[in-house]
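Novice: Sharing a structure, written as structure tokens. Questions coming.
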Amino acid sequence: MDDTLSNVEGAQGALLKYLKSVSSNRWLMIKIFFVLILFLIFFMFFVA
1 MDDTLSNVEG AQGALLKYLK SVSSNRWLMI KIFFVLILFL IFFMFFVA
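Those letters in the sequence shown? Residues 1 to 48, by UniProt numbering.
Structure below.
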């Protein structure tokens, strides 16, 4: 019973760590996309 409980707690910790990394990567992708859009708008209005 103790082994099962420790395995479940370990799996929960691994899933939470994976969820944290996925959510931070999502924010990183959103920030990169936002910067690219701003650069595109700047280029269209001021350079072209």
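Yeah, the Cβ is synthetic: ideal placement off N, Cα and C, and Gly gets one too.
From residue 39 to residue 25, what distance separates their C-alpha atoms?
Specialist: Their Cα atoms are separated by approximately 21 Å.
Novice: Return helix, strand or coil for residue 1, following the three-state DSSP convention.
Specialist: In the structure shown, residue 1 sits in coil (DSSP, three-state: anything other than H, G, I, E or B).
Novice: Quick one: does residue 24 have its CB under 8 Å from some CB of chain B?
Specialist: The structure shown has no chain B; it contains just one protein chain.
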